[in-house]
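Chains A and B, in that order, give the protein sequences. Just add 1183 to the spot in the first sequence (first one is 1) and you have the numbering used here. Just add 749 to the spot in the second sequence (first one is 1) and you have the numbering used here. We treat Cβ as the ideally placed atom computed from N, Cα and C, and that holds for glycine. Each remark here refers to the structure printed beneath this line.
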Amino acid sequence: MSEITLSLTGICKSFGEKKVLKSVDFTVPEGTIIGLMGKNGAGKSTLIKCLLGLLKPDEGNAEVLGEASWNMSVATKHRIGYVPQILTGFRWMRVETMLDYTGSFYKYWNNSKVISLLKKWDLDPWSKISSLSVGERQKLAIIQAMGHEPDVYVFDEPVASLDPVARREFIKQLIELNMNENKTMLFSTHISSDLERVAADIALLKDGIISFKGDLSELKERVKRLHIRASKELPQSLPFHRIINSQINHKSAVVTVDGITEEELIAFKSSYQAIITIETLNLEDIFLELNQ
Amino acid sequence: MNQEILLLLQISPSSGEPIYRQVMEQIRRLIISGYLQAGDELPSVRQVAGNLAVNPMTISKAYSILEATGVLERRRGKGMIVARNDQSSMKLAQRLEMLRPILREAAAQVYQLALPHDRVLKMFAKLLEESHE
């Protein structure tokens, strides 16, 4: 049904001795919203820059809308909206001038949309950029990336400096764009509560590879924390498949597993005469568990 | 009607319970409580997604599962409606489902108090008998 909009295959990137990306494989189908998660320094921005052709990977292929990222045509570039993590801009310009200036680089620029977004997000077109707060500058950067109505949005930590009201507004905007115009979106963040709303799929970048990619609901259904109380001494390694973390203390244990079957539970309960309660985890808990 | 349902649907995204399950559960409750009746129309996926500010795929997943399990029906031009042909067997399953949260809570307490299961079950059986009298 849907085409692949963004694709990375076997991407490696080192900075000096430091291997940041070690063979990243990653695809984003058309019309999906995907969240890229990872700790600070995990390489999220590096991954995004390789994807957009802003950094040349040491190995591997990066493609956007079927074109190699490193040699992207102008036409394809016009179909991308990118909000970088570190904002640049001319501090002496006014908001309006900055947006007009940005618009002048594109063949198509929806000025009325830009103006309505400014209103919605309480940005005064006459403010000088130097007088804006970090959050306001982030809003401006988002609007700058939306004016040419791209097909693909790539946001690098777009909400880090936004207050909860602005974040909700931003998320609503994304959802509208996705629903009404089938836009594809990738955004990186370490704020998991936003992802829980907006993303159907998430990808976790850890130790230079994508260690998980998939449906967020499925992830929540799979990853569970088991609280075990047994009547016998528990072994140092518990007989579950796919253990993420475990703490064992004689007859009790807390174990986080990535998927457990009813059979496994029953077998364990009967061989250790154990009582097990199963705790569901939210994305933040899961993120913490997977990064331990 | 549609607007009211929109206001009634509330989610907590940061719960361990996936959002689509929360939505399914709430629609089921609205039906069981009689708030929604057979033939009633549900708000569209877009309306719900827009209103709750969640990914539309999540809502459409909830609707599809409710449709597959016979709780909702897809009507051409109308979107989703509450199924007319609700078998009594399904109603039993739904009623049972309503008990689950309380029982889960009780089960957790049983665990904390380290009570033997057979004794607890006996007690419950007795309580059931008593409430019947």
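Contacts of residue i in chain A (Cβ-Cβ under 7 angstroms)
i                 : result
Pro865 of chain B : The premise fails here: Pro865 of chain B is roughly 10 angstroms from chain A at the closest Cβ pair, so nothing lies under 7 angstroms.
Pro762 of chain B : Ser1376, Glu1379 and Arg1380
Rounded straight-line distance, which links the Cα of residue j to that of residue i
i                  : j                  : result
Lys1355 of chain A : Leu821 of chain B  : 27 angstroms
Pro792 of chain B  : Arg1412 of chain A : 45 angstroms
Arg1262 of chain A : Gly1199 of chain A : 33 angstroms
Thr1444 of chain A : Glu846 of chain B  : 21 angstroms
Glu1462 of chain A : Ser1375 of chain A : 19 angstroms
Ile1458 of chain A : Ile1431 of chain A : 14 angstroms
Thr1496 of chain A : Pro762 of chain B  : As displayed, chain A neither begins before 1184 nor continues past 1475, which places residue 1496 of chain A out of reach and without an answer.
Val859 of chain B  : Pro850 of chain B  : 14 angstroms
Met1184 of chain A : Asp1377 of chain A : In this prediction, Met1184 of chain A has a pLDDT of 44, which is less than 50 and means its spatial position is unreliable; what the coordinates show is noted afterwards. Near 27 angstroms, if we compare the C-alpha coordinates of Asp1377 of chain A and Met1184 of chain A.
Asp1307 of chain A : Val1406 of chain A : 45 angstroms
Leu876 of chain B  : Leu870 of chain B  : 10 angstroms
Lys1302 of chain A : Ile1358 of chain A : 19 angstroms
Thr818 of chain B  : Ile1426 of chain A : 33 angstroms
Ile780 of chain B  : Ile830 of chain B  : 11 angstroms
Glu1467 of chain A : Leu1230 of chain A : 22 angstroms
Candidates the options, of which the one nearest residue i by Cα
i                  : options                                       : result
Val1182 of chain A : A:Val1348, A:Arg1408 and A:Leu1464            : Beyond the ends of chain A as shown, which are 1184 and 1475, falls residue 1182 of chain A; an answer cannot be given.
Glu1401 of chain A : A:Asp1441, A:Ala1413, A:Ile1426 and A:Trp1275 : A:Asp1441
Arg1351 of chain A : A:Glu1404, A:Val1207 and A:Val1381            : A:Val1381
Gly1236 of chain A : A:Glu1246, A:Glu1242 and A:Lys1227            : A:Glu1246
Pro805 of chain B  : A:Glu1364, A:Lys1396 and A:Gly1221            : A:Glu1364
Glu1404 of chain A : B:Ala856, B:Gly788, B:Pro767 and B:Lys871     : B:Pro767
Lys1322 of chain A : A:Ser1454, A:Thr1271, A:Lys1366 and A:Tyr1289 : A:Thr1271
His1331 of chain A : A:Ser1435, A:Leu1282, A:Glu1379 and A:Met1276 : A:Leu1282
Trp1292 of chain A : A:Ile1326, A:Pro1240 and A:Ile1427            : A:Ile1326
Gly1397 of chain A : A:Asp1390, A:Ala1383 and A:Lys1202            : A:Ala1383
Lys1324 of chain A : A:Phe1353, A:Val1203 and A:Lys1205            : Residue identity check: residue 1324 of chain A is Ala in the sequence provided, not Lys. Closest option to Ala1324 of chain A, Cα to Cα, is A:Phe1353.
Heavy atom of the ligand GTP within 8 angstroms of residue i beta-carbon
i                  : result
Asn1361 of chain A : No copy of the ligand GTP occurs in the structure displayed, which carries no ligand at all.
Partners in chain B for residue i, counting only beta-carbon separations shorter than 9 angstroms
i                  : result
Leu1464 of chain A : Gly765
Under 9 angstroms by beta carbon: chain A residues contacting residue i
i                 : result
Ile818 of chain B : Just to set this straight, residue 818 of chain B is Thr in the shown sequence, not Ile. Near Thr818 of chain B there are no residues of chain A at all, since even the closest Cβ is about 16 angstroms away, more than 9 angstroms.
Gly799 of chain B : Lys1355, Ile1358, Glu1359 and Met1362
Ala855 of chain B : Neighbours of Ala855 of chain B on chain A: none; closest Cβ ~12 angstroms, over 9 angstroms.
Arg824 of chain B : Correct list: empty, because the minimum Cβ distance to chain A is about 21 angstroms.
Contacts of residue i in chain B (Cβ-Cβ under 8 angstroms)
i                  : result
Ser1371 of chain A : None at all; the shortest Cβ gap to chain B is about 17 angstroms.
Arg1351 of chain A : Ala802
Lys1403 of chain A : Gly765, Glu766 and Pro767
Ser1479 of chain A : Here chain A covers residues 1184 to 1475 and nothing more, so residue 1479 of chain A does not appear.
Segment limits, beta strand (DSSP E) that includes residue i
i                  : result
Pro1212 of chain A : Lys1201 to Pro1212
Ile760 of chain B  : No beta strand (DSSP E) holds Ile760 of chain B; DSSP gives it neither H nor E.
Asp1339 of chain A : Val1335 to Asp1339
Ala1386 of chain A : Asp1384 to Lys1389
Bounding residues of the alpha helix (DSSP H) (the contiguous stretch that carries residue i)
i                  : result
Arg1380 of chain A : Ser1375 to Val1381
Glu1364 of chain A : Pro1347 to Glu1364
Met812 of chain B  : It should be pointed out that residue 812 of chain B corresponds to Tyr in this sequence rather than to Met. Here the alpha helix (DSSP H) through Tyr812 of chain B covers Pro805 to Ala817.
Glu1401 of chain A : Leu1399 to Arg1405
Residues that residue i contacts on chain A, provided the C-beta gap is smaller than 8 angstroms
i                 : result
Val803 of chain B : Ile1358, Arg1380 and Val1381
Arg868 of chain B : Near Arg868 of chain B there are no residues of chain A at all, since even the closest Cβ is about 14 angstroms away, more than 8 angstroms.
Closer than 7 angstroms at the beta carbon, the chain B residues around residue i
i                  : result
Ile1216 of chain A : Asn804
Beta-bridge partners of residue i, as assigned by DSSP
i                  : result
Arg1277 of chain A : A:Lys1311
Ile1216 of chain A : A:Met1368
Val831 of chain B  : B:Leu821
Glu1250 of chain A : A:Val1247
Asn1432 of chain A : A:Ser1435
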